[in-house]
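Participant: What follows is a structure written as structure tokens; I'll ask about it next.
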């Protein structure tokens, strides 16, 4: 060397040692510049191009005057632009907030206001829905760009303003990279803040959990605004320099075409989507040998259905993964050796997650005992935005509290029992609402049932059922109570039954038990 | 919940979200309590036992009065105790410094003094060598415990003093977990400080690089005091809940027995060790089908040797990994698809490492051009102990400088050329000393050659060769120079040749070129 080099600056040291989600793109572009990062309809974006776009959009965003950790909202169906925006925010030290299109427009606007988003990328093709969101006053919002728009306020126009030079901003490991709102089965949406470190750990540990290898091809039809797709699928595939085939929603024939055309090896679908593939007359005898791993989310499936899926994907492990937004999200994935023997479980802990069961006093329980699932690990959220009290509550006793009730067996597999708040405390006994719901739903004239605890002067909480009758059903309260008495311990039999035509539901279709509880607040004061 | 829970303490939040190397054991003990973590001769330590021992030793160390980030030295051949000490330090927030047994006793004591080690675990069976180290004054050292000692000052006695309760101390992601001394081919040993985050990232990214799966069984005969074994093999295997079969050095028949008995799937050996396995009359027709991955370190091997290794390990990928202590250490590993086509390369970048080539002015060079290998990634060391200036130097221009000269090809594979300092600048030309050394060693009467630049009034540096003749060889300077002129460009021919009986070497057998350079400092002033 000629002369003494300058002492490395703080930024130079940050660039060397940091954990930054945006650097995933740079590393893949180094090794696989020509490989497709995204296939999105007719568009194919290779890693070298993606790297340039990330630099351009990131520098363009900073040139708008955004400051470190400002929020950029994205309102779009799955598309390349959403991921360019995500990585550009990561590299620029901004926070990306993809909003949940399952929410109502006023709820979306509420989230964007809660986040104080300064920029919004909105998909022009969303039409009326986007218009309704933008009609709500959003005082913090300074800029709106249309994805798919070709004017001055289009995404591409902003991209053109940026520089392709490597964007090198100082970003800490635990700075926030994403803000996702949970759909809220028990309360209003909560904004979950997640760090670069958490997303990177999720990427690496899911890459291990997927048991696959480099250059994976995955199919992403479920929305990228859910962290299952964003963090458990997209990141681990991109960490390995693989390809993400994007779809705007699930359609069986299009899915089959993409499986064949791209040799898809990994995917996550909902059980209902497997049903559509398996029962489609044009597809049901098809096989897709490229698939190595067909995952499903949240709800176990019956063994017969698993046999059908294995027949369609003869080279695939068919496994369930579970988790929650607050843990980025995969906490547990079924091990391949459990795909048959423990198909009803939620899987076992991923590489960087500790899973345990806790009682209400904060004591960890031994294997086999039932209590609340609690987690530790660097994939944990950094907190809920603007909700310090709820954030603290969720971290009590030195563990993250999932709100799920389960036990862990001798192999570390998780057997889900109920949502924690669905444990009804009645007359000194704890009753899992799911057990009562299952009993009710076994009655042939019941389509669906939701069971909650309603305040009661004698019982504390009284088990109370809300029931939707099956089409043509005429069963009444007395007959249903008799059915319950025949199948349940006495203290588990509802004290009251209400018949309704439909349940209140979230944007993503989950029953809003907190709404039901609210409606039954004074039920026993009648 | 009854009442409001207390706000989580700083320690509770740390326990939830931190990255701590010691937590690797806890997670594996959750899932695989009965599986062997270590097999060490007749001793088998399962993960549940290891977890208890780590808690006990960690709490016992803290009870000695050690403070956060104090240093604990370990002087031992591969054994379970070394790893218990390592994880106990991790969990207690202490720094573990396993010393290099290839160094001379006074050098080991120098390292322990440089580290200000307060506790030393020493293997009693090292005998005279341990006695010589302990005879050196070590003012900071407060406690010494014998591994294998059965008295009050034995490792086991200290273990018995501790508590099995989970040891929960506050430890940061970037707190230091290990201190390893490089063997120093160009200067005195340098103490490399490595963080919890770096070791964990190395564990996860090497687990991916190994292309294997959970519950791996590995064989570790190379010393654990090198980070290749400690970080690139042991951690990724333990992250997956696998088993580490320990050996105190390599012996072909014992190795074969362990492969068979434990179904070893992964290992790293030096090329010389493969040679011993392949040429042993009792083993050379054997095969070991359990092996999935037979790695080798640092030096490429000829294709014929690779064929022989493949024949012995018919189900294994045979790949080279490279790196350095300062990067924890694996920066590059050959991809399986390159094991034949690019067997002469150092591999391609691991999942969290960026590798580039830089010129002397700090400019990154395009693919194909030769310069110094530089790295970025969270596996980077936190610095050299007590050497802030060298630490800063190593991080100049926003990259970690490897000191290796190479180019990167279109697939991202690294083609090593030379150590940076072995580029001799002579008469305006740069000459890689390795090229001149290879030419000299092609002469049948030359056993070994080391080429350096010696200061010269006309040439700046004059290419100067130090040569060990082959047994019975009589070649002289004039004949060797003629040989060089026949095979090298004129400016690459040495200006002088010195014949010696042996080279100065480090404890691990590397030629100490800095010693040779020192001896030739005034060669051209004669």
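Chains as they are written, first to last, in this note's numbering: chain A, 57 to 582; chain B, 57 to 582.
Ideal placement from N, C-alpha and C gives every residue a C-beta, glycine not left out.
(1) Is the segment 244-261 of chain B in contact with the segment 287-305 of chain B, if contact means three or more CB pairs nearer than 8 Å?
(2) Mind checking the segment 320-351 of chain A against chain B and listing, in chain order, the residues whose C-beta falls within less than 8 Å of any C-beta there?
(3) Does DSSP classify residue 344/B as helix, strand or coil?
(4) Below 8 Å between beta carbons: does that hold for residue 230/B and residue 71/A?
(5) Could you check if residue 105/A belongs to the surroundings of the ligand FAD, using beta carbon to heavy atom distance under 7 Å?
(6) Per the DSSP calculation, residue 481/B is bridged to which residue(s)?
(7) Across the segment 113-133 of chain B and the segment 150-157 of chain B, are there enough close Cβ pairs to call them in contact, namely three or more that are closer than 8 Å?
(8) Are three or more beta carbon pairs between the segment 486-497 of chain A and the segment 530-545 of chain A nearer than 8 Å?
(9) Spell out whether any CB of chain E is found under 8 Å from the CB atom of residue 260/A.
(10) From the DSSP output, in three-state form, read off residue 98/A for me.
(11) Please report how far the alpha carbon of residue 241/B lies from the alpha carbon of residue 569/B, in whole angstroms.
(12) Counting C-beta neighbours from all protein chains within 10 Å, is the total for residue 202/A 16 or more, i.e. buried, or is it exposed?
(13) Does DSSP put residue 75/A in a helix, a strand or coil?
(14) Would you say residue 147/A reaches chain B, if we count a Cβ-Cβ gap shorter than 8 Å as a contact?
(15) Going by other Cβ atoms of all chains shown within 10 Å of its Cβ, with 16 needed for buried, is residue 434/B buried or exposed?
(16) Just to confirm before moving on: does the CB-CB distance between residue 367/B and residue 333/B stay below 8 Å?
(17) How about residue 387/A: is its C-beta nearer than 8 Å to some C-beta of chain B?
(18) At 3 residues or longer, and completely inside the segment 248-302 of chain B: list those beta strand (DSSP E) runs for me, N to C.
(19) Do three or more CB pairs link the segment 434-444 of chain A to the segment 73-80 of chain B at distances below 8 Å?
(20) Could you tell me whether the segment 133-144 of chain A touches the segment 98-109 of chain A, using the rule of 3 or more Cβ pairs below 8 Å?
(21) Tell me, which residues are paired with residue 145/B by DSSP?
(22) Under 9 Å between beta-carbons, which chain B residues line up against residue 68/A? List them in chain order, please.
(23) Using a Cβ-Cβ distance cut-off of 8 Å, determine whether residue 519/B contacts chain A.
(24) Using a Cβ-Cβ cut-off of less than 7 Å, list which residues of the segment 80-95 of chain A approach chain B; keep chain order.
(25) List the residues of chain B that residue 213/A touches, going by C-beta distances under 8 Å, in chain order.
(26) On the premise that residue 455/A lies in contact with residue 414/A, defined as a C-beta separation below 8 Å, what is that separation, rounded to the nearest angstrom?
(27) Rounding to the nearest angstrom, what Cα-Cα distance links residue 57/A and residue 489/B in this structure?
(28) Got a sec: which bits of the segment 428-447 of chain A sit with their beta carbon under 7 Å from any beta carbon on chain B, in order along the chain?
(29) With distances taken Cα to Cα, identify the nearest neighbour of residue 313/A among 296/A, 297/A and 339/A.
(30) Hey, does residue 514/A have any beta-carbon neighbour from chain B nearer than 8 Å?
(31) Suppose you measure from the CA of residue 504/B to the CA of residue 305/B; what does that come to, to the nearest Å?
(32) Using the Cα positions of residue 169/B and residue 120/B, report the straight-line distance between them to the nearest angstrom.
(33) Any beta carbon from chain B within less than 8 Å of residue 64/A's own beta carbon?
(34) The alpha helix (DSSP H) with residue 397/A in it runs from where to where?
(35) Any beta carbon of chain B sitting closer than 8 Å to that of residue 225/A?
Facilitator: For this structure:
(1) Touching, yes, given that three or more Cβ pairs across the two stretches are closer than 8 Å.
(2) Of all residues in the segment 320-351 of chain A, none is placed with a Cβ closer than 8 Å to any Cβ belonging to chain B.
(3) In the second chain, counting from the first residue as 1, residue 344/B sits at position 288. Coil.
(4) Looking up residue 230/B in the second chain gives position 174. Looking up residue 71/A in the first chain gives position 15. At a Cβ-Cβ threshold of 8 Å, residue 230/B and residue 71/A do not count as neighbours.
(5) The ligand FAD is not among the ligands present in this structure, which contains no ligands whatsoever.
(6) Taking the second chain and counting its residues from 1, one reaches residue 481/B at position 425. Within the DSSP secondary-structure output, residue 481/B pairs in a beta bridge with 486/B.
(7) Put simply, the segment 113-133 of chain B touches the segment 150-157 of chain B. At least three CB pairs are less than 8 Å apart.
(8) A contact exists between the segment 486-497 of chain A and the segment 530-545 of chain A.
(9) Among the chains of the structure shown, chain E does not appear; the protein chains present are A and B.
(10) Taking the first chain and counting its residues from 1, the one referred to as residue 98/A is at position 42. Three-state result, residue 98/A: coil.
(11) Along the second chain, one-based indexing puts residue 241/B at 185. Along the second chain, one-based indexing puts residue 569/B at 513. Since pLDDT at residue 241/B reaches only 49, below the 50 mark, its modelled position is unreliable, and the value read off the structure follows with that caveat. Approximately 6 Å, taken between the alpha carbons.
(12) In the first chain, residue 202/A corresponds to position 146, counting from 1. Residue 202/A comes out buried.
(13) Stepping through the first chain from its first residue, residue 75/A is reached at position 19. Assigned with DSSP and collapsed to three states, residue 75/A falls in coil, not helix or strand.
(14) Position 91 of the first chain, counted from the start, is the residue given in the question as residue 147/A. Answer no: the Cβ-Cβ gap between residue 147/A and chain B never drops below 8 Å.
(15) Sequence index remark: in the second chain, residue 434/B carries index 378 (1-based). With 16 or more Cβ atoms within 10 Å of its Cβ, residue 434/B is classed as buried.
(16) On the second chain, position 311 is the one that residue 367/B refers to. On the second chain, position 277 is the one that residue 333/B refers to. Going by C-beta atoms, residue 367/B is not nearer than 8 Å to residue 333/B.
(17) Residue 387/A sits at position 331 when you count from the first residue of the first chain. No, because no Cβ of chain B sits closer than 8 Å to the Cβ of residue 387/A.
(18) List check, beta strand (DSSP E) in window: 273-276 and 299-302.
(19) The segment 434-444 of chain A is in contact with the segment 73-80 of chain B.
(20) Yes, the segment 133-144 of chain A touches the segment 98-109 of chain A.
(21) Indexing the second chain from 1 puts residue 145/B at position 89. In the DSSP assignment, no residue is bridged to residue 145/B.
(22) As a working note, residue 68/A is residue 12 in the first chain. Going along chain B in sequence order, the residues near residue 68/A (Cβ under 9 Å) are 451, 452, 453, 454 and 455.
(23) In the second chain, the residue the question calls residue 519/B occupies position 463. Taking Cβ atoms only, chain A never reaches closer than 8 Å to residue 519/B, which makes this a no.
(24) The residues in question are 82, 83, 86 and 87.
(25) Position 157 of the first chain holds residue 213/A. Simply none; closest approach about 30 Å.
(26) To locate residue 414/A, count along the first chain from 1; it is residue 358. To locate residue 455/A, count along the first chain from 1; it is residue 399. For residue 414/A against residue 455/A, the beta-carbon gap comes to about 6 Å, under 8 Å, which counts as contact.
(27) The residue you call residue 57/A lines up with position 1 of the first chain. The residue you call residue 489/B lines up with position 433 of the second chain. For residue 57/A, the predicted model reports a pLDDT of 37, less than 50, meaning its position is unreliable; a value from the coordinates is still stated below. Straight-line Cα distance between these residues: approximately 18 Å.
(28) Closer than 7 Å at the C-beta level to chain B, one finds these residues of the segment 428-447 of chain A: 432, 434 and 436.
(29) In the first chain, residue 313/A corresponds to position 257, counting from 1. For the options 296/A, 297/A and 339/A, the alpha carbon positioned closest to that of residue 313/A is the one of 339/A.
(30) Position 458 of the first chain, counted from the start, is the residue given in the question as residue 514/A. So no, residue 514/A is outside the interface.
(31) For this step, residue 504/B is matched to residue 448 along the second chain. For this step, residue 305/B is matched to residue 249 along the second chain. Cα-Cα distance, rounded: 26 Å.
(32) Locating residue 169/B in the second chain gives position 113, counting from the first residue. Locating residue 120/B in the second chain gives position 64, counting from the first residue. The C-alpha of residue 169/B lies about 19 Å from the C-alpha of residue 120/B.
(33) Here residue 64/A is taken as the residue at index 8 of the first chain, counted from 1. Interface annotation, residue 64/A: in contact with chain B, CB-CB separation under 8 Å.
(34) What you label residue 397/A is simply residue 341 of the first chain in a count that begins at 1. Unbroken run through residue 397/A: none, as it is neither H nor E.
(35) Taking the first residue of the first chain as position 1, residue 225/A is located at position 169. Answer no: the Cβ-Cβ gap between residue 225/A and chain B never drops below 8 Å.
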